[in-house]
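Take a look at the structure set out below.
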């Protein structure tokens, strides 16, 4: 809830504020909303921040609050007037609006496809700064790791609470397996459930526990979620072989429970998903939600020719 309140407060301030900006390098403009005491961010410092990115038409291009995790990086200015040079005016606890002049920083390169206006507007909230200063790399990296471990421990502790809240908020009557997978059948199917060696053809929508869609093979759902449309993606049912290596454990378990034509919602704890490492938009110790439909089940052909056995390599004669 606090994250949502911060998002709405900063977004409203960004929409309402058009004066009082200070000028930085290469046409960059910045306005500090909340100014906390402390040293400014310097190159080499570790920074954790939340952000909203918009264009001049106030279309939101990216939003860490919706993603459910902050951005973390070591500060390095790429060029005059870039967004990192704007971040160097800030300190831990600050919030600010930074407007980056795309024409000045692109150096003759074309604007991003579909971009409208002169500025990219960033609304930042600086959560944590770890100063590099004169610290050795070992001590500096140790402090970063300690901070990241604190964040991971908090996420791990909050995970079952988030799962239970999702189930309650969506009024789901779930069945829970011994492994911790929670699922609910939303449409009954018919026929024999898939077995090891079968291939299921599925459509899916993958979401973070906050409801933000991160992947789908349904084109209309991808557009609704404002995901980039990948021209190489056929947006049709995808095959998954039951028992194959590399499948997300919670999905592998859940798909074996569904008959052809069945629809279900799976709620995967992180240990049945991407675990303590996370993957892409899924952060460490993050549960996932999948809406799945088994379109069909393909059984292996018992009359298909069996592959020939592989003979062991023959020893080569030793040259004398």
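Numbering (the numbering used here), first residue to last: 12 to 331. In this text, a Cβ means the ideal position worked out from N, Cα and C, and glycines have one as well.
Item                                                                                                                           : Value
Helix, strand or coil at residue 312 according to DSSP, with G and I counted as helix                                          : coil
Residue 54 classed as buried or exposed, judged by whether at least 16 other C-beta atoms fall within 10 angstroms             : exposed
Cα-Cα separation between residue 14 and residue 74, rounded to whole angstroms                                                 : Bear in mind that the predicted position of residue 14 carries a pLDDT of just 49, short of 50, making it too unreliable to give a figure here.
Under the three-state DSSP convention, the category residue 226 falls into                                                     : strand
Span separating the alpha-carbon of residue 22 from that of residue 61                                                         : The predicted position of residue 22 is uncertain, since its pLDDT is 49 and thus under 50; a value taken from the coordinates is nonetheless stated next. Roughly 12 Å between the two C-alpha positions.
Buried or exposed (CB count within 10 angstroms, at least 16 for buried), residue 149                                          : exposed
Contact under 8 Å by Cβ, residue 225 with residue 293                                                                          : yes
Simplified DSSP state of residue 217, which is helix, strand or coil                                                           : strand
Alpha-carbon spacing of residue 40 relative to residue 97, whole angstroms                                                     : 8 Å
Exposed unless 16 or more other CB atoms sit within 10 angstroms - verdict on residue 207                                      : exposed
Cut-off 7 Å between Cβ atoms - residues of its own chain near residue 82, not counting five sequence neighbours on either side : 60, 62 and 75
Within 8 Å, strictly: CB atoms of residue 246 and residue 230                                                                  : yes
Rounded straight-line distance, which links the Cα of residue 112 to that of residue 275                                       : 47 Å
N-terminal and C-terminal residue of the beta strand (DSSP E) that residue 73 is part of                                       : 71 to 74
DSSP-derived helix/strand/coil call for residue 22                                                                             : Model confidence at residue 22 stands at a pLDDT of 49, short of 50, so the residue's coordinates are unreliable; what they give is reported in the following sentence. Of the three classes helix, strand and coil, the one that applies to residue 22 here is helix, per DSSP.
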